[in-house]
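> One structure, as structure tokens, below. Some questions next.
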Amino acid sequence: MLSAHNALRPLITVIGATGTGKSQVLIYYPICNLLHLLQLTHQQLAVDLARSLNGEIINADAMQMYDGLPIITNKMTLGERQGVPHHFLGTVPRGEDIRVGIWEEGVRRVIEEIWGRGRLPIIVGGTHYYIQALLYPRSLLPDASPPEPGKEGKMSGEELARKYPILNAETSEILQKLQEVDPVMAARWHPNDHRKIRRSLEIYYLHGGTPASEIYRLQKLSEKKEESRDESIDKVARFRNLIFWVHADPEILNKRLGDRVDKMVSEGLFDEIEELWKWYLNLKEGEKEVDLERGVWQSIGFKEFLPWLQARQEAESGEFKDGGKVAGEGERVVVGGEVRERLESLRKEGLERMKIGTVQYARTQVKWIRIKLMNAMRDANEGEEEVVAVMEDREGEKGNRNGKEELQQCEASSKDTPTTDSARTTTEKSQPKQPSNILYLLDSSDIPLFAENVSNPAISIAKSFFSPFNPDFRPLPDPLSLSSLAASCLKPKRDYDLSKRPDLWVKRMCEVCGITTVDEESWKKHEGSGKHKRKVSGRGKWEEAQNWKKRRERGEVAGDGNGAGGRG
Numbered sequence: 001m002l003s004a005h006n007a008l009r010p011l012i013t014v015i016g017a018t019g020t021g022k023s024q025v026l027i028y029y030p031i032c033n034l035l036h037l038l039q040l041t042h043q044q045l046a047v048d049l050a051r052s053l054n055g056e057i058i059n060a061d062a063m064q065m066y067d068g069l070p071i072i073t074n075k076m077t078l079g080e081r082q083g084v085p086h087h088f089l090g091t092v093p094r095g096e097d098i099r100v101g102i103w104e105e106g107v108r109r110v111i112e113e114i115w116g117r118g119r120l121p122i123i124v125g126g127t128h129y130y131i132q133a134l135l136y137p138r139s140l141l142p143d144a145s146p147p148e149p150g151k152e153g154k155m156s157g158e159e160l161a162r163k164y165p166i167l168n169a170e171t172s173e174i175l176q177k178l179q180e181v182d183p184v185m186a187a188r189w190h191p192n193d194h195r196k197i198r199r200s201l202e203i204y205y206l207h208g209g210t211p212a213s214e215i216y217r218l219q220k221l222s223e224k225k226e227e228s229r230d231e232s233i234d235k236v237a238r239f240r241n242l243i244f245w246v247h248a249d250p251e252i253l254n255k256r257l258g259d260r261v262d263k264m265v266s267e268g269l270f271d272e273i274e275e276l277w278k279w280y281l282n283l284k285e286g287e288k289e290v291d292l293e294r295g296v297w298q299s300i301g302f303k304e305f306l307p308w309l310q311a312r313q314e315a316e317s318g319e320f321k322d323g324g325k326v327a328g329e330g331e332r333v334v335v336g337g338e339v340r341e342r343l344e345s346l347r348k349e350g351l352e353r354m355k356i357g358t359v360q361y362a363r364t365q366v367k368w369i370r371i372k373l374m375n376a377m378r379d380a381n382e383g384e385e386e387v388v389a390v391m392e393d394r395e396g397e398k399g400n401r402n403g404k405e406e407l408q409q410c411e412a413s414s415k416d417t418p419t420t421d422s423a424r425t426t427t428e429k430s431q432p433k434q435p436s437n438i439l440y441l442l443d444s445s446d447i448p449l450f451a452e453n454v455s456n457p458a459i460s461i462a463k464s465f466f467s468p469f470n471p472d473f474r475p476l477p478d479p480l481s482l483s484s485l486a487a488s489c490l491k492p493k494r495d496y497d498l499s500k501r502p503d504l505w506v507k508r509m510c511e512v513c514g515i516t517t518v519d520e521e522s523w524k525k526h527e528g529s530g531k532h533k534r535k536v537s538g539r540g541k542w543e544e545a546q547n548w549k550k551r552r553e554r555g556e557v558a559g560d561g562n563g564a565g566g567r568g
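When we follow UniProt numbering, the leftmost residue of the sequence shown carries the number 1, and every step to the right adds one.
Structure follows, in structure tokens:
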């Protein structure tokens with residue numbers, strides 16, 4: 001009997017950390033040009049799949065949605081897209097904020113249009129929060145407005161900050177306000193996490209004074225009611241998902257990311273930095289707030305150079321001393337050697353911060369995949385098994401016929417030769433049931449072996465996944481069997497999503513180290529760290545010495561305190 005999950009429409013998604021090679025696969029460049037090949041880090045695997053499977057690409061990299069800045073945001077050129085249609089790439093004015101709810105709504109519309117053209121939609125990008133919201137909508141806490149928001153619900157971040165100036169205050173002040181209006185969420189975040197603290201307070205204002213924690217609680221209640229009322233499979237996952245995670249050995253990836261920054265410099269990175277700097281100054285002159293944690297300003301490649309840009313501006317205005325002389329009014333400023341050296345040092349520090357920031361961002365992306373996305377996929381597959389049983393009981397043969405009709409529509413969009421009903425029936429009986437959600441890790445560590453390790457396996461797997469009743473069907477490989485990297489990484493880092501476990505939101509302060517943790521796991525990790533143990537040991541010895549001195553002053557012990565023999 002045809003599994004009820006086949007009623008879902010098929011979707012390919014390509015994910016991965018920046019620099020792992022989501023866009024590197026099978027570009028047909030000569031080996032001597034591997035450095036160029038290495039830089040293409042966002043969409044080429046998707047391009048390759050699209051060319052083989054009659055697909056179109058939908059961008060899921062938030063920064064690439066903004067217009068311009070092709071180097072900082074690492075957009076593919078028209079030539080590198082190889083004629084494959086791309087959607088949501090460079091379409092948002094850079095002065096606007098992108099919200100996941102708006103993107104998700106637009107993407108669902110485009111997906112329907114692509115299916116309507118008989119083609120296959122392929123999602124690709126590194127903003128995994130957006131991707132998860134699209135594939136598994138019930139796996140994340142809401143970020144958009146409720147069905148009937150307050151009048152502030154449609155305000156931009158800038159408009160909201162003008163109405164509520166506290167949003168532009170120091171992190172400690174915003175946290176204090178959040179503690180007043182939503183103590184649950186205030187306890188959730190680290191006191192230095194400006195972005196999340198501010199976002200929780202924004203949600204409070206956007207929802208007319210309803211705390212974010214209350215919104216999340218009501219959403220969970222609503223979900224439970226839906227589950228008891230409606231067992232529809234689209235409540236588990238929106239699509240029949242084949243996900244490719246392009247990954248690389250961490251040491252190789254870190255080196256690759258550093259090389260990529262150097263390549264960006266040679267391609268014109270500083271021209272784009274100057275472009276953003278002029279815009280930044282214009283906004284400041286117009287007394288507009290520039291939030292470096294929102295919009296295109298979040299991109300790695302501008303804020304890292306602000307100390308250099310600001311120091312250079314001071315030098316050009318004569319505020320920098322050079323050899324004891326400051327340029328007076330009307331004098332031409334000549335930047336001397338000492339100042340030039342200082343500015344060059346700041347520029348190099350900016351490059352180093354950019355490299356470090358890129359590596360840290362890549363780690364964050366991998367962590368999201370291994371904790372949030374993998375758990376969401378597991379929950380979807382487990383939920384599907386329960387839903388399929390209910391649907392089969394309810395629908396019987398009717399459900400079987402409807403599922404076959406949906407599958408036939410999906411197969412018609414591919415280039416595979418249609419099979420006869422008898423061939424499909426025979427093959428159907430002999431093939432094992434596939435889960436609706438499958439994740440394959442493709443190891444991109446070895447650039448010269450991209451075709452062998454990444455591109456060719458991806459195309460073969462995709463053809464089998466979308467045409468299970470084709471006579472040429474080959475069983476899908478075990479995801480753990482593709483590489484040693486896959487075997488080590490394709491297990492959730494932990495078996496729960498912390499954002500859904502408020503019972504584990506415990507904020508603690510280590511008085512010895514001056515470090516704050518916001519959950520039990522982080523606290524245990526800190527307690528077990530070598531740094532904490534060394535400081536505790538050192539503090540213990542210091543306290544022991546202080547106690548000994550006090551005892552000596554009281555005449556309770558004799559000796560000079562320089563050795564154990566002096567303590568009695």
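Each residue gets a CB set at the ideal place from its N, CA and C atoms; glycine is no exception. Only a predicted model underlies this, so the values are computations on that prediction, with no experimental measurement involved.
On a CA-only basis, which of Met63, Asp48, Trp103, Asp61 is nearest Gln82? Give me that one, please.
With distances taken between Cα atoms, Gln82 lies closest to Asp48.
> Within the stretch 101-142, note down every full alpha helix (DSSP H) run reaching 4 residues or more, in order along the chain.
With a minimum length of 4 residues, the continuous alpha helix (DSSP H) runs that stay inside the stretch 101-142 are 128-135.
> Considering only DSSP beta bridges, list what Asp443 is partnered with.
In DSSP, Asp443 forms a bridge with His247.
> Tell me whether the beta-carbon of Val359 lies closer than 8 Å to the beta-carbon of Asn254.
In this structure, Asn254 lies closer than 8 Å to Val359 by Cβ.
> Which first and last residues belong to the alpha helix (DSSP H) in which Asn282 is found?
Per DSSP, Asn282 belongs to the alpha helix (DSSP H) from 269-285.
> Three-state secondary structure (DSSP) at Thr358?
Reduced to three states, the DSSP call for Thr358 is helix.
> Answer with buried or exposed for Val265, where buried requires no fewer than 16 other C-beta atoms within 10 angstroms of its C-beta.
Exposed, because fewer than 16 other Cβ atoms sit within 10 Å of the Cβ of Val265.
> What are the residues that DSSP puts in a beta bridge with Cys510?
DSSP output for Cys510 lists Ile515 as bridge partner(s).
> In the DSSP assignment, what residue or residues form a beta bridge with Gly55?
Per DSSP, Leu120.
> Could you check if Arg217 is buried or exposed, using at least 16 other CB atoms within 10 Å of its CB as the buried criterion?
Classification for Arg217: exposed.
> Name the DSSP bridge partner or partners of His87?
Ile58.
> Sorted by chain position, which residues of the same chain lie with C-beta nearer than 7 Å to Val518's C-beta, five sequence neighbours on each side aside?
These residues qualify, in order along the chain: Arg188, Trp189, His190, Trp505, Lys507.
> For Ser483, which residues of its own chain have a beta-carbon under 6 Å away from its beta-carbon, when the five flanking residues on both sides are left out?
Answer for Ser483: Asp443, listed in chain order.
> In terms of residues, what are the limits of the alpha helix (DSSP H) holding Val184?
Residues 183-188.
> Could you tell me if Arg199 is buried or exposed, where buried requires 16 or more neighbouring beta carbons within 10 angstroms of its beta carbon?
Under this definition Arg199 is a buried residue.
> Determine the direct distance from the alpha carbon of Pro121 to that of residue 571, and round the result to whole angstroms.
Because the chain spans 1 through 568 in this model, residue 571 falls outside it and cannot be assessed.
> Tell me the DSSP secondary structure of Leu8 in three-state form.
Coil at Leu8, not helix or strand.
> Contact check, Phe239 vs Arg9 under 8 Å by CB: the rounded distance?
Between Arg9 and Phe239 the Cβ distance is about 6 Å, and since that is below 8 Å, they are a contact.
> How far does the alpha helix (DSSP H) with Tyr486 in it extend, from its first residue to its last?
In the sequence on display, residue 486 carries Ala and not Tyr. First-last of the alpha helix (DSSP H) with Ala486: 484-489.
> Please say whether Ile131 and Thr171 have beta carbons closer to each other than 8 Å?
Going by C-beta atoms, Thr171 is not nearer than 8 Å to Ile131.
> Going by the CB atoms, is the gap between Ile438 and Phe480 shorter than 8 Å?
One detail in the question is off: residue 480 reads as Leu in this sequence, not Phe. Their beta carbons are not under 8 Å apart, which means Leu480 does not touch Ile438 by this criterion.
> If you draw a straight line from the alpha carbon of Arg534 to that of Glu520, how long is it in whole angstroms?
Their backbone Cα atoms lie some 21 Å apart in a straight line.
> Please report the Cβ distance between Gly16 and Gly126, rounded to the nearest whole angstrom; I am assuming they are in contact, meaning their Cβ atoms lie under 8 Å.
The Cβ separation is near 7 Å, so the contact holds.
> For Ser317, count the other beta carbons within 10 Å of its own beta carbon; 16 or more makes it buried, fewer makes it exposed. Which is it?
By the 10 Å Cβ count, Ser317 comes out exposed.
> Does DSSP classify residue 569 as helix, strand or coil?
Coverage of the chain is limited to positions 1 through 568, which leaves residue 569 absent and any answer about it impossible.
> Helix or strand or just coil, what does DSSP make of Tyr66?
Strand at Tyr66.
> Confirm, please, whether the CB-CB distance from Leu441 to Asn241 is below 8 Å.
No.
> To which residues of the same chain is Tyr280 closer than 7 Å at the C-beta, ignoring the five residues directly before and after it?
Correct list, in chain order: Val290.
> From the DSSP output, in three-state form, read off Val92 for me.
Reduced to three states, the DSSP call for Val92 is strand.
> Kindly indicate which residue of Lys491, Thr13, Gly514, Leu485 has the alpha-carbon position closest to the one of Glu251.
The residue with the shortest Cα to Cα distance from Glu251 is Leu485.
> Does DSSP classify Asn456 as helix, strand or coil?
In the structure shown, Asn456 sits in a helix (DSSP, three-state: H, G or I).
> According to DSSP, is Asn547 part of a helix, a strand, or is it coil?
Residue state, collapsed to three classes: helix.
> Return the Cβ separation of Leu69 and Val296 in integer angstroms, given the expectation that the two are a contact with Cβ distance under 8 Å.
Correct: roughly 7 Å between the Cβ atoms.
> Sorted by chain position, which residues of the same chain lie with C-beta nearer than 6 Å to Val261's C-beta, five sequence neighbours on each side aside?
Within the same chain, Val261 has close Cβ partners Met354, Lys355.
> Can you look up Thr13 in the DSSP assignment and give me helix, strand or coil?
Note: Thr13 maps to strand in three-state DSSP.
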